[in-house]
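Participant:
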Amino acid sequence: MHLTTLLAKLILVRSLGYASAGTPAASLPTVDASTAAPETAPSPIPGNSSDHPVSGNLTINGAIATASLDYVTLLGAVSDGIVSFKGIRYAEAPTGAHRFAPPMDPTSESAPVNATEFGNVCPQISATGINGSVSIGDEDCLFLNIYAPVNASGLPVMLWIHAGDGTHPTAASHDLTASTPGTSGSGNSFDGAAFISAGTAPLVVVTINYRLGALGWLSGPSLALMNATNLGLLDQRHAMQWVQTHIAVFGGDASKVTLVGHEHAAVAVGYHLVSPYPKLFAAAVLESGGPTTAKVVSAASPAAKDQYDSFLNATECRYHRTASFQIHCLRSLPLAALVQAQQAIQPTAPFYASIDGTFLATAPSTALAAPEAPVPLLIGTTASAVSAPDLPALFATMASNNTELAAELATMYPAAPYGNSYIASPDTAAQAAHTDLMSLCPAIALSRAYAAAGANVYRYLVVRALDLSGIWNPAESTSGTLATTIATYWMNFARDGNPDGVNGTVWPAYGKTGYGPVLVLDAAKNSSGYWYDDDKDVYCGLMERVRDN
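For the sequence shown, the positions run -21 to -1, 1 to 528 when mature numbering (1 follows the signal peptide of the UniProt record, and there is no 0) is used.
1) Under three-state DSSP, which class holds Asp232?
2) Ends of the beta strand (DSSP E) at Glu266?
3) Jot down the residue ranges of each uninterrupted alpha helix (DSSP H) in the region 194 to 219, minimum 4 residues, whole runs only, in chain order.
4) Is Asn292 helix, strand or coil by DSSP?
5) Given this structure, state the Cα-to-Cα distance separating His241 from Met83, to the nearest angstrom.
6) Any heavy atom of the ligand ADP inside 7 Å of the beta-carbon of Thr463?
7) Go to Phe64, then tell me how far its beta strand (DSSP E) extends in each direction, as first and last residue.
8) Would the region 291 to 307 count as touching the region 218 to 227 if we require 3 or more Cβ pairs under 8 Å?
9) If you run the structure through DSSP and keep just helix, strand and coil, what is Met137?
10) Give me the Cα-Cα distance between Tyr256 and Phe338, rounded to the nearest whole angstrom.
11) Quick one: what does DSSP say Asp501 is sitting in, helix, strand or coil?
12) On the DSSP bridge list, what partners appear for Trp510?
13) For Tyr287 versus Leu197, is the C-beta spacing smaller than 8 Å?
14) If Asp214 and Arg190 are in contact, beta carbons under 8 Å, what's the gap, nearest whole angstrom?
15) Count the other CB atoms, across all protein chains shown, that sit within 10 Å of the CB of Lys65; report buried if there are 16 or more and exposed otherwise.
16) Taking Cβ to Cβ, would you say Ala180 is nearer than 8 Å to Thr463?
17) Alpha carbons only, please: which of Ala70, Leu314, Ala320 and Ala315 is nearest the one belonging to Arg297?
18) On a Cα-Cα basis, can you pick out the residue from Gly231, Pro487 and Ala408 that is closest to Ser394?
19) When you compare the region 428 to 437 with the region 309 to 316, are there three or more beta-carbon pairs, one atom per stretch, that lie closer than 8 Å?
20) Among Phe229, Val62 and His141, which one has its Cα closest to the Cα of Ser34?
21) Quick one: what does DSSP say Val441 is sitting in, helix, strand or coil?
22) Can you give the beta carbon distance from Ala207 to Phe79, rounded, assuming they're within the 8 Å contact cut?
23) Check whether the region 69 to 79 and the region 277 to 294 are in contact - that is, three or more C-beta pairs closer than 8 Å.
24) How many angstroms separate the CA atom of Ser28 from the CA atom of Lys258?
25) When you compare only the Cα positions, how much space is there between Glu96 and Asp514?
26) Buried or exposed: where does Asn36 fall if 16 or more other Cβ atoms within 10 Å of its Cβ makes it buried?
27) Mind checking who Gln103 pairs with in its DSSP beta bridge?
28) Which same chain residues, not among the five before or five after Thr272, have their C-beta less than 6 Å away from its C-beta?
29) Roughly how far, in whole angstroms, is the beta-carbon of Thr414 from the beta-carbon of Ser363, given that I think they are within contact range, below 8 Å?
30) Check whether the Cβ atoms of Ala412 and Met377 lie closer than 8 Å to each other.
31) Which residues in the same chain as Gly133 place their Cβ atom closer than 6 Å to its Cβ, once the five residues preceding and following it in sequence are excluded?
32) If you run the structure through DSSP and keep just helix, strand and coil, what is Gly192?
33) Among Ala282, Leu53 and His77, whose alpha-carbon lies nearest the alpha-carbon of Asp527?
34) Helix, strand or coil for Tyr489? Go by DSSP, reduced to three states.
35) Less than 7 Å between C-beta atoms, sequence neighbours within five positions excluded: which residues of the same chain meet that for Ala244?
36) Out of Leu53, Asp59, Ala473 and Val481, state which residue places its alpha-carbon closest to the alpha-carbon of Leu461.
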């Protein structure tokens, strides 16, 4: 059953007052360094919290909060019962010799640092203006932000990995690059103070910036030799290591860190789940994405080499023949030259995470066959808001112009399979296909694997597109009480390891009785119910072929 079928059944059963699994429908609960290339490349070290003893303290004097850490003293702010520290450097600036290299610990600073303003966003393409795309950001961007209640102690921690620009794909732009983590965005955009204030469970919120685009995701054999692939993921992990070492000073419990990501970032969270590195978090929330959402290629593959060569050829570094001189040259270029090269190749050579033998030792789908140290998961799937006035063109794009796959998509996702007016549109078929490809099928693969490995997994499905900003600031939500409901589920999960308790809701774990249950939420109908995904296998099998095509 694909999403169009589910939507039709939900509409029918709700008119009778029952959810799709036969459960009575309930009201929704409210809820400038040298650029010389090193002779030997630094290796990313997995590490864990025991590597660094915790030291430091936090004091509050009126509207000023002071956090004394072992390498820096931070001056933060206190407002409306929330302590905030912004622009905390968690790694050395990735410039000069540190460009295209794994993150390094920050150096000590003797003078107190103002932590009331956000740090730089990482370089990215912001918008298209009269003169074309506009680049914003600064390479010195590896900063994080912390929000906590006043007098916090031993609280659970939500570590938020930001996604991309949040725009909805269309038939003209829709392909797997839409799920590639890390081409735009910033942790600065998410208001941890509003999230804490609106919630029912006290906790500490951490948001982070990490390298984007070519600076964070360029791959290829030359970079693999330098241990310089998947740098965006290594930045994220370095921030997690920082949290393990220092979060107790801010009132957080390092043993109760929940990793959270949406869309592109949920893909990244999935990669942290399947990485063989020791996990620096106790649980994870994935909203609309997972480790099998996007194509992943080997760093030594021809595809990765072609991407690297295309990028190199778009710069003056193309004249160098050896990898060491090429990297040295790339490290010496002005940032604008790298941004220009990225713009030149991205339409034909999108950035993917790569199988590098270290952080990603194997393909995520292979790693899921035997999950290592599985943790509790809360997995959400939100119906896509993709529009497709030309459905055949969309399917051709999704299938990378593979005519056989495009024909199968058209058969499996017809525009009006039931002849009913509420589903008789190309948009509905496009939304069903897009949701299956990017979110629902990856959620099924992850939840089944983790449930089989003994982890507690909780699943929910939002049948209409959701304004994620409402989860972070319910007071400004355009999604009504649904955003508050989901935010509360997230908080409960971070606190207790399960999302129970919203208006007394008891949420059964996934996979204890078949392939379900999945909690179905629909704000427009003010209803909820349960669904089982045991009839999705044929659709997800097709989507695996589409993803890997």
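Think of the CB as a built atom: it goes at the ideal place given N, C-alpha and C, for glycine as much as any other residue.
Facilitator: With the structure as the only source:
1) strand
2) Ala262 to Glu266
3) 200 to 204
4) helix
5) 26 Å
6) In the structure shown, the ligand ADP is absent, as is every other ligand, since no ligand is present at all.
7) Ile61 to Arg68
8) no
9) strand
10) 7 Å
11) strand
12) Val497
13) yes
14) 5 Å
15) buried
16) no
17) Ala320
18) Note on residue identity: the sequence assigns Ala, not Ser, to residue 394. Checked all of Gly231, Pro487 and Ala408; the closest Cα to Ala394 is Ala408.
19) no
20) Phe229
21) strand
22) 5 Å
23) no
24) Confidence at Ser28 is low in this model, with a pLDDT of 41, below 50, so its placement is unreliable and the value that follows should be read with caution. Those two C-alpha atoms are separated by around 10 Å.
25) 50 Å
26) exposed
27) Ile115
28) Ser158, Val246, Met417 and Pro421
29) 5 Å
30) yes
31) Asp232
32) helix
33) Ala282
34) coil
35) Ile140, His141, Ala142 and Pro160
36) Val481
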